[in-house]
Amino acid sequence: MTAFLVVLVIILFGVAVWQMDKIFQMSKPKVDENSEIASDKDNNINGYLMLGLAFFTYLLLIFCFWKWGDVLLPKAASEHGGGIDNLMLITMILIFVVGFITLWLLSFFAFKYRGKKKNRALFFADNDKLEFIWTIIPVIVLAGLIIYGLFTWTDIMNVDTDDDPMVVELYAYQFNWRARYSGNDNTLGEANVRLIEGVNQLGVDVSDPNAQDDIIVTELHLPIGRKVLFKMRSQDVLHSAYMPHFRAQMNCVPGMITQFAFTPSITTAEMRLDEEIVGKVQRINKIRRDKSLELTAKGEEALEPYEFDFLLLCNKICGTNHYNMQMKIIVESQEDYEVWLATQPTFAEVIKK
Amino acid sequence: MSAHAHDHAEDHHDDHGHHHKETFVTKYIFSQDHKMISKQYLITGLFMGFIGIAMSLLFRMQLAWPDKTFTIYEILLGKWAEGGVMDPSVYLALVTIHGTIMVFFVLTAGLSGTFSNLLIPLQIGARDMASGFLNMISYWLFFLSSVFMVLSLFVEAGPASAGWTIYPPLSALPQAIPGSGAGMTLWLVSMAIFIASSLLGALNYIVTVINLRTKGMSMTRLPLTIWAFFVTAVIGVVSFPVLLSAALMLIMDRSFGTSFFLSDIYIAGEVLHNQGGSPVLFEHLFWFLGHPEVYIVILPAMGLVSEIMATNSRKPIFGYRAMVASILAIAFLSTIVWGHHMFISGMNPFLGSVFTFTTLLIAIPSAVKSFNWITTLWKGNLQMNPAMLFSIGFVSTFITGGLTGIILGDSALDINVHDTYFVVAHFHLVMGVSALYGLFAGVYHWFPKMFESRMLNKNLGYIHFWVTIIGAYGVFFPMHFIGMAGLPRRYYTNTNFPYFDDLADVNVVITIFALITAAAQLVFLYNFIHSMTYGKKGPKNPWKSNTLEWTAEVKHIHGNWDGPIPEVHRWSYDYSKLNKDESDYVIPGQDFIPQNIALHENEEEMNH
C-alpha cells in the first residue's frame, strides 16, 4: 500500500511539473526563430570560458604533478633504463612546450575573436609560407626524435653475445611465473609444453644434457652489474613480462621464445634506501595502517607493513586472475646471488626425487 | 561524369511523386531514404553508446572502491555480482564489451554511418545514395550485429572477456577464460556481420561521391566533410576485410581444430594438439585493421569539425588543399603503422624500428591539421554555438591526446608504458573523447537538418559541453600519471598487492569525474529526445552555411530537392569574402555565399 502511494505521489508530482512547464511555455511571448542560435551574449560568455579552458588545463596539469608527481616510477634500476628516461624527458619537454603553446593559441583565439554582430571576419584562405613553416618544423623535430629513439631502441634490443649475458628463462602460465636459470653451462635445456609431466612443470627435456644443471625457482634473484638475457616462454595464453623498475617488457607467446636483455644496476637493498622509495613506502604503510585499524576493529587480522621489492608483473590480459600474476625480483651482490643459487636444487636433483 | 549523373538524377526527379506511397514500414523501418537511415544509425549508435558508457561506470566504480560492495552491481550484473561484489571475470567482460561497443558500434557506425549517410547525398547534391537498397541492407546488418552483441551479454558463461583486441589463445580457448565460450562466438558472429555492414556502407559512399556529384561539384569544391567520409570509406574497404579474415581463422581455430594462431599450449591439465600457429600473426591481422580503425573513427570527426569550424568562424577553412592532402597522407600512413601496437610482441626488433619511423611521420599531417584549425579561428567572428564549442574542444583533446602519441609511437619509450594506463589515457583522449566531440558537434550542427528545422536547446548544449570537457580532462589527465607509475591496464583491482596502494586516491578522483561526465550526457540525451518533437523550429539555414544541404527542402522528401538539383559554382568556404573594391561582402550585407550562387562580377575568382 505504501509502495502504491509512493508511486502515485511520484506520478502526480511528475504530472504537476509537466503541467507547470506547459503553463510557463504558454505564458512566454512567442520567441523568434533564432533563439537557439548563439547570440552576442552567448559568444561573450563562452569566449571567456574558452580562455578559462586554457588555464584549467594548465592548472589541472600542475595540480596533478603537485599531488601525484610522487607516484611516478622511481629512477631506472637498469643500465639501459637511463637512456629511456632521458629520451622520455626530452620528449616530455617537447610535448609540454608544444601543448602549452597550441592550447594557448586555441583558447586565446577563441576568446579574442568571439563573435560580435558588428565584427567582420578576415577572408584568409591560404598562405603557402605559413603552411610550409609548420610542415617543416615538425619534420625536423620528429626526424631528431626518430633518430634518437631508434638508436636507443637498437641498443636495447640487439643483444651483444660478446657481453656473455647470463641466460635465464621466464616462464609464464595462468597465473604465475617461474624462472629457470641455465646453470653452470649458461645454456638452457630444450623444453616444450608437450613434455610437462608430474614435477616437470615447465616441460624441460629430461634427456637434454644442458638441462641437468638448470635451476627452476619461484623468486627471481639477479646479480648486480651482470647482463641478463631473458628467454620468455608461455604455457597457455599470451602474457607479458613487465618489469617497470628496469624499464623492461616483453610478451610471452605460446609457441615461440621471445627475449629481452638488461643489466641490473641497483640492488634491492640500495633501492630501499632511495629517497623516493622511502617516501613511497611510508605513504603506502600509512594507508595500510589506517586499513589495519579498520580491520582490527572488525576483528580481522591486521595487514603486514610493506617493504619495497622489484616486481615482475603480467601486463597482457591473460584471464581472471591477471591482476595478481606477479613475481618478486631481488637484485643483490654477485656473492649473495651465488650463495642463494647454491641453495636451490638443480633440475636433475628435482627429477630424481 | 558528374554532368551525366545530374541528368540522370533529373529524370529520376520527374517521375517522383507518382509511385512513392510510403507505408509506415517503408518510411520508418525498411527505409531506403538516406536521411532516415542516417537517423536510424544515430539512434542505434546512441543506444549502444548508452550501454558502453554505463559499463565503463561500473568498472570505474570497481577500480575506485575495490573493497566496497554496491547493490547496483547486483542489480545490473546479477549472478556475477552476488552480494554487490563484482566478479573478476565480469570485470574483464565489461572492459571488453565497453571497448568493442565504443570503437565499432558508436564511433564507427554511430559517427561515420550517421553523417556519411546524412551528408554525402545532401552536400554533393544527389537525390540519394547510389544504391538506396544496399544502404538499407547496410543499416539492418549493423542493427543485427548490435543485437548479437547485446545478446552475448546474456549467455550462461558470460560475454567475450579477452579484451576488445581478442588476442588468441585467450579468446580461442574456453578453458582459459569462461567468456571465450559462447560469448566469444557471438562476439565473432556480431563482428563478421558488422564488417559486412560496414563494407556495404563504405562501397556505397565511395560510389556516391565519385559518381553522383552535381554539376559543378568538382573534387576540389567538395566540403571537407565529404573528403573525410570518402577517404574513411576507402580505408574501411582496404582494412575491414583483413579483420574478417582474422575473425574467420579464429572461428576455425575455435571450432574446427585448425592451428592458425595456436601452438604448443598446455592448459587445464592437458596438452592441446595445435601446433605451428602464431598469436603474433593474429596481432598483425588484427592491427592491420585496428590501426586504420582509429582513423576510420577520427577522420569523419575531423571532417565535421573542419566544416563546423569554418561556418561558425565565418571564415574559409585555412589551407583547404593542405587539409585534403593531410587527410590523404593520414589515410595512407594509417595502413603502414599497425606494428606500433606490437613493439614488444616478440616480432623482430628491426620491424619495430620501421614502424617507429612510419608512426612518427603521422605526427606531421596531424600537426598541419591542428595548426590549420587554429589559424581558421584567427581573426574570425566566432559564433559560439554548441557545435562550435565541441569543435574547439575536439582540437583541444586532439592536441593533448595526440602529443602523448609521440611517446607511444617511439618503440624505445613504448617498452615501459605499453599496456599501462598511459595508453588508456592517450587513446581515450585522442580518439575516444575527440571523436565523441566530433559526433556531438555534428549532432548539434545538423540536428535541424535531421529533424526538419527543430533545433537542440542551446543552453542545455552549453551545460553539456562545459561539464563534459572539464570532466573528460579530469578523468584522463590523472590517468597518465597512474600509467607512468607503471600500473598495468585490465587489472580487476590494483590493491591485491601493496605496490600500487598509493594510487587509490587517483582512481577515486578519476571515477568521480567519470560519474559527473556521464551525468552530463543525460542532459544531452534529454535535450535530444525532447527536441526531436518539441524543439523550437529555426530558420532554414540556421548557421548561415554555404553547403548544399541547407538549400534542400526542410521537410524530408524523397529526392531532397523539390525542384531541380542545385548547380554548384564555387567551393563551400566563401565566408566573409569581400568584393573587389573591399567595400562590402560580395553579396552586400550577407557574409556567406552558398555554393549554388554563381560568381559575381565584382568578385575575385578563387582557384576552386
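In order, the protein sequence lines correspond to chains A and B. Residue 47 in our numbering sits at position 47 of the first sequence; the count goes up by one each step and never skips. Quick note: to get our numbering, add 1000 to the position in the second sequence (first position is 1). Beta carbons: idealized from backbone N, C-alpha and C, even for Gly.
Roughly how many angstroms separate the alpha carbons of residue i and residue j, rounded to a whole number?
i, j, result
"Ile1512(B)", "Lys1068(B)", "15 Å"
"Leu72(A)", "Leu1503(B)", "10 Å"
"Lys316(A)", "Val237(A)", "9 Å"
"Asp1264(B)", "Gly1276(B)", "8 Å"
"Phe108(A)", "Val1417(B)", "33 Å"
"Val1085(B)", "Glu1074(B)", "8 Å"
"Glu1567(B)", "Thr1214(B)", "6 Å"
"Ile1415(B)", "Gln249(A)", "6 Å"
"Ala1435(B)", "Arg289(A)", "44 Å"
"Tyr1421(B)", "Gly1432(B)", "15 Å"
"Ala1322(B)", "Asn1372(B)", "8 Å"
"Ala1331(B)", "Phe1105(B)", "21 Å"
"Gly1461(B)", "Phe1447(B)", "12 Å"
"Phe230(A)", "Gln334(A)", "18 Å"
If the criterion is Cβ atoms closer than 9 Å, does the pair residue i and residue j meet it?
i, j, result
"Gly299(A)", "Thr263(A)", "no"
"Leu61(A)", "Ala110(A)", "no"
"Tyr1320(B)", "Ala125(A)", "yes"
"Leu94(A)", "Val141(A)", "yes"
"Ile329(A)", "Met243(A)", "yes"
"Tyr171(A)", "Cys64(A)", "no"
"Ile1266(B)", "Ile133(A)", "One point to set straight first is that residue 1266(B) is Tyr, not Ile, in the sequence displayed. Cβ atoms of Tyr1266(B) and Ile133(A): not closer than 9 Å."
"Gln121(A)", "Ser1396(B)", "What sits at residue 121(A) in the sequence shown is Ala, not Gln. No, these two residues do not count as a Cβ contact at 9 Å."
"Thr91(A)", "Asp214(A)", "no"
"Ile1235(B)", "Ser1334(B)", "yes"
"Val1523(B)", "Ile1463(B)", "yes"
"Arg1221(B)", "His1600(B)", "no"
"Pro254(A)", "Val193(A)", "yes"
"Ile1336(B)", "Leu1299(B)", "no"
"Asn1596(B)", "Leu1525(B)", "no"
Excluding the 5 residues preceding and the 5 following residue i in the sequence, name in chain order all residues of the same chain whose CB lies nearer than 7 Å to its CB.
i, result
"Leu1304(B)", "Phe1115, Thr1225, Gly1438, Ala1441 and Gly1442"
"His1556(B)", "Lys1035 and Glu1452"
"Met1217(B)", "Ser1002, Ile1124, Gly1125 and Val1568"
"Ala1310(B)", "Pro1316, Ile1317, Thr1376, Tyr1573 and Tyr1575"
"Phe308(A)", "Met271, Arg272, Ile277 and Val281"
"Lys1537(B)", "Ser1453 and Arg1454"
Ignore the nearest five residues each way along the sequence and tell me which others in residue i's own chain have a CB closer than 8 Å to its CB.
i, result
"Leu1186(B)", "Phe1148, Met1149, Leu1151, Ser1152, Val1155, Pro1159 and Ala1160"
"Phe77(A)", "At residue 77(A) the sequence reads Ala, which differs from the Phe that was named. Excluding sequence neighbours, Ala77(A) sits near His245, Phe246, Pro264, Ser265, Ile266, Met271, Phe310 and Val331."
"Lys291(A)", "Leu303"
"Gly1017(B)", "Because the pLDDT at Gly1017(B) is just 45, under 50, the model does not fix this residue reliably, and the point stays unresolved."
"Thr1208(B)", "Ile1120, Pro1121, Ile1124, Ala1126, Met1129 and Ala1130"
Go ahead and label residue i buried or exposed: buried means 16 or more other beta carbons lie within 10 angstroms of its beta carbon, across all protein chains shown.
i, result
"Phe399(A)", "As shown, chain A starts at 1 and ends at 353. That puts residue 399(A) outside it, with no answer to give."
"Lys156(A)", "Here residue 156(A) turns out to be Ile, not Lys, going by the sequence shown. Buried, because 16 or more other Cβ atoms sit within 10 Å of the Cβ of Ile156(A)."
"Thr296(A)", "exposed"
"Gln235(A)", "buried"
"Tyr173(A)", "buried"
"Asp1011(B)", "Reliability of the predicted coordinates at Asp1011(B) is poor, the pLDDT of 44 falling under 50, and no value is obtained from them."
"His1273(B)", "exposed"
"Leu977(B)", "Residue 977(B) lies beyond the stretch modelled for chain B, which goes from 1001 to 1608, so this question has no answer here."
Note down, in chain order, each residue of its chain lying with its Cβ closer than 6 Å to the Cβ of residue i, except the 5 sequence neighbours on either side.
i, result
"Met1102(B)", "Gly1052"
"Thr1375(B)", "Phe1318"
"Pro1594(B)", "Asn1546"
"Ile1364(B)", "none"
"Trp1080(B)", "Asp1087 and Val1090"
Can you list, in chain order, the residues of the stretch 1412-1436 of chain B whose Cβ is nearer than 8 Å to any Cβ on chain A? Flagged, chain order: Ala1412, Leu1413, Ile1415, Asn1416, His1418, Asp1419 and Thr1420.
Between the stretch 313-327 of chain A and chain B, which residues of the former have a C-beta closer than 8 Å to a C-beta of the latter? Those would be Leu313, Cys314, Asn315, Lys316, Ile317, Cys318, Gly319, Thr320, Asn321, His322, Tyr323, Asn324 and Gln326, in chain order.
Going along the stretch 1375-1393 of chain B in order, which residues come within less than 9 Å of chain A, judged by CB to CB distance? Residues passing the 9 Å Cβ filter: Thr1375, Thr1376, Leu1377, Trp1378, Lys1379, Gly1380, Asn1381, Leu1382, Gln1383, Met1384, Asn1385, Pro1386, Met1388, Leu1389, Ile1392 and Gly1393.
If you measure beta-carbon to beta-carbon, which residues of the stretch 154-170 of chain A are closer than 8 Å to chain B? Within the stretch 154-170 of chain A, the qualifying residues are Thr154, Ile156, Met157 and Asn158.
What are the residues of the stretch 1514-1547 of chain B that lie near chain A, defined by any Cβ-Cβ distance shorter than 7 Å? So the close ones are Lys1536, Lys1537, Gly1538, Pro1539 and Pro1542.
Residues, ordered as in the chain, of the stretch 1440-1474 of chain B that lie near chain A by beta-carbon distance below 8 Å: So the close ones are Met1455, Leu1456, Asn1457, Lys1458, Tyr1462, Trp1466, Ile1469, Ile1470, Tyr1473 and Gly1474.
Along the stretch 119-132 of chain A, where does the CB come closer than 8 Å to a CB of chain B? Name the residues. Residues passing the 8 Å Cβ filter: Asn119, Arg120, Ala121, Leu122, Phe123, Phe124, Ala125, Asp126, Asn127, Leu130 and Glu131.
Which residues, in order along the stretch 136-153 of chain A, keep a beta-carbon less than 7 Å from a beta-carbon of chain B? Result list: Pro138, Val139, Leu142, Leu145, Ile146, Gly149, Leu150, Thr152 and Trp153.
Report the residues of the stretch 1301-1317 of chain B with a CB closer than 7 Å to any CB of chain A, ordered along the chain. For the stretch 1301-1317 of chain B, which is checked against every Cβ of chain A, the residues closer than 7 Å are Ser1313, Arg1314, Lys1315 and Pro1316.
For the stretch 266-295 of chain A, which residues have a CB atom closer than 8 Å to at least one CB atom of chain B, in sequence order? Answer in chain order: Lys280, Arg283, Ile284, Ile287 and Arg288.
Output, in sequence order along the chain, the residues in the stretch 95-107 of chain A whose CB is closer than 9 Å to any CB in chain B. Those would be Ile95, Phe96, Val98, Gly99, Thr102, Leu103, Leu105, Leu106 and Ser107, in chain order.
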